[in-house]
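Numbering (the working numbering), first residue to last: 65 to 686. Reviewing the structure listed below.
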Ligand code: NDP
């Protein structure tokens, strides 16, 4: 397969149309940049709406069935009444890595409570065809070294990741105490007992010395608030509850046989749609892709992993080396080599090269920002040119071009998505920022045209900016009955993004106010698991029962976090989406979007030193 650069130059040589912007960004004159910026502004303006997150529908009442588990029946079981050492809410990567690290330090009474019917979290629910990790498996899949698993591909598919989650659960004995298909509804600190009280929707009521929460940033599916959505008479489902009984086929890469005689609409063109559209395109009689904003889709170049190569590189400590190397390369820090070498690390490599080309005197924030912008304009122009080089119909090709900075939305990488639009039975319905107009009993309406379909698939994403307790279904009560929502009334407050004052013996495992490394989310989780294990190991050695964050330490940490440059990803200049709270200033919630001001590499260094020092400054043990 030709590289992108080669294909682009080939295209120019054969004299195909060269677009205005290709010329503009080759030397990035000031006027050219202004023209592009203006185009980006206009595109953003088209999409801004005052209802922000409110435009989406919560899946409750008559829409609650969208949340049903299509993969596994709910098994009857007795309610649980006991006491455990550690309870973790959420059985995805966060719960699994924390469980693994805790069992390594000798804490064996661990209970994971999970809404799904097994471990896996995202990978339990998202079984849509083509689901695959977007970040290289070698750094994305946790505990590869500990489990001895070799990923089969540079970017493995969903079923392999789900099996890996189950492997971790088995290896670390996490199935024994786990409660599946169970939702926590009440969490309360009992000061007299120094225990957390936990209640669930399966009538469980038990206590736990420690509490961990890893409910994931994107786990509650949402539907677009399209008028008439309830009136559709055909079949419909959300991509995170893929209905294989209806479509035929199975998770992975197979054909969806039952769709051969079906007209299908998919609404949404984010990272999920980019992965499943090629499969739908191959299987459906007619496929209508309803797009509000195009994704940026760069080259994927997936390949099988060679076992003899893997054997050679998997020397002790290899995965940490890869993790650190990816993070350094991806975030523009010092790195001698690029082990992963993909679209993620390329983004930063380009910026770094531009910055390195600046004279010493010019390495000031404004010039560095300009260098970042130049690199981004160039990259996005290449991505838009890639659309032209693949999609034969010029109107469709124009519609598939993303007019925003690459990190405004989740960057996508795929080698079959754009090609799908050359398939005569696949139709792009580009709504140019407006979105679907209406849904009727028969189908989907845009611009006055009704597209009658048998099935609507919602690739409309997950709730992000909505209140935390709406997404988790509980609002923890800490010391003196204080609610977490009250503690965070003026925005999120933590020490290291992990612990909260007045909520003793508890840990929130997520990325913000910590490394905030979006390109490889599991790295954040794995590192937090190490921090938790070292705190608990320290407590076991010193026979402490309770660990609390000192209020001043929390306050100082929040001040430090807020002193940084703020939200880089999806800034307020970007096209709306969940990265930037749908383009609406999040107010105090801004605190839950930001990370350590000096970047992920500096955070991982800082926290590693903090936990290894053994002093655990900012914490109080009794
Ligand atoms: P997204 O939130 O990224 O996409 C939702 C889509 O629905 C957008 O294209 C949105 O358009 C569109 N939409 C919303 N309302 C309407 C409407 N009224 N009419 C038409 N279209 C509409 O959800 P995804 O599930 O695609 O991805 C969520 C996240 O999950 C990703 O960003 C990524 O972090 C993660 N993910 C990771 C993967 C991996 O690692 N392998 C794979 C897939 C997802 P608009 O852009 O205009 O808002």
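Note that beta-carbon positions come from the ideal geometry of N, C-alpha and C, so glycine has one too.
{"Item": "Spatial neighbours of residue 159 in its chain, beta-carbon cut-off 6 Å, leaving aside the 5 residues before and after", "Value": "152, 176 and 278"}
{"Item": "Residue 586 CB to nearest heavy atom of the ligand NDP below 8 Å", "Value": "no"}
{"Item": "Residue 197 CB to nearest heavy atom of the ligand NDP below 8 Å", "Value": "yes"}
{"Item": "Alpha-carbon spacing of residue 684 relative to residue 299, whole angstroms", "Value": "55 Å"}
{"Item": "CA-to-CA distance, residue 639 to residue 439, given in whole angstroms", "Value": "18 Å"}
{"Item": "Cβ contact (3+ pairs, closer than 8 Å) linking the region 482-499 and the region 518-537", "Value": "no"}
{"Item": "Member of 331, 345 and 305 whose CA lies at the smallest distance from the CA of residue 318", "Value": "345"}
{"Item": "Alpha carbon of residue 609 to alpha carbon of residue 289, nearest angstrom", "Value": "48 Å"}
{"Item": "Span separating the alpha-carbon of residue 362 from that of residue 259", "Value": "50 Å"}
{"Item": "Span of the beta strand (DSSP E), counted from its first residue to its last, around residue 272", "Value": "269-277"}
{"Item": "Distance between residue 312 and residue 562 (C-alpha atoms, nearest Å)", "Value": "42 Å"}
{"Item": "Coarse secondary structure for residue 360, derived from DSSP in three states", "Value": "coil"}
{"Item": "DSSP three-state assignment for residue 655, whether helix, strand or coil", "Value": "helix"}
{"Item": "Inter-stretch contact at 8 Å, needing at least 3 Cβ pairs: the region 476-489 / the region 358-374", "Value": "yes"}
{"Item": "Where the alpha helix (DSSP H) through residue 498 begins and ends", "Value": "Note, residue 498: premise wrong, no alpha helix (DSSP H); not H, not E."}
{"Item": "Residue 330 beta carbon less than 9 Å from that of residue 341", "Value": "yes"}
{"Item": "Under the three-state DSSP convention, the category residue 290 falls into", "Value": "coil"}
{"Item": "CA nearest to the CA of residue 413, picked from 514, 379 and 398", "Value": "398"}
{"Item": "Reduced DSSP secondary structure (H/G/I, E/B, other) of residue 440", "Value": "helix"}
{"Item": "Uninterrupted alpha helix (DSSP H) stretches inside the region 394-434 (no shorter than 4 residues)", "Value": "407-420"}
{"Item": "Three-state class that DSSP yields for residue 254 in the structure shown", "Value": "strand"}
{"Item": "Any non-hydrogen atom of the ligand NDP closer than 8 Å to residue 100 Cβ", "Value": "no"}
{"Item": "For residue 296, the first and last residue of its enclosing beta strand (DSSP E)", "Value": "Taken as a continuous stretch (DSSP letters only), residue 296 belongs to no beta strand (DSSP E), as it is neither H nor E."}
{"Item": "Residue 194 classed as buried or exposed, judged by whether at least 16 other C-beta atoms fall within 10 angstroms", "Value": "buried"}
{"Item": "Same chain, Cβ closer than 8 Å to residue 138, five either side skipped, listed in chain order", "Value": "181 and 245"}
{"Item": "Cα-Cα separation, residue 297 to residue 517", "Value": "10 Å"}
{"Item": "Burial state of residue 295 (16 or more Cβ within 10 Å)", "Value": "exposed"}
{"Item": "The region 266-285 / the region 200-218 touching (three or more Cβ pairs under 8 Å)", "Value": "no"}
{"Item": "One or two residues paired with residue 559 in a DSSP bridge", "Value": "563"}
{"Item": "Enclosing beta strand (DSSP E) for residue 151 [first to last residue]", "Value": "147-153"}
{"Item": "Where residue 166 falls: helix, strand or coil (DSSP)", "Value": "helix"}
{"Item": "Residue 295 Cβ short of 8 Å to the ligand NDP heavy atom set", "Value": "no"}
{"Item": "Contact check, residue 587 vs residue 203, beta carbons under 9 Å", "Value": "yes"}
{"Item": "Distance between residue 249 and residue 542 (C-alpha atoms, nearest Å)", "Value": "15 Å"}
{"Item": "Helix, strand or coil at residue 648 [DSSP, three-state]", "Value": "coil"}
{"Item": "Cα-Cα separation, residue 96 to residue 435", "Value": "15 Å"}
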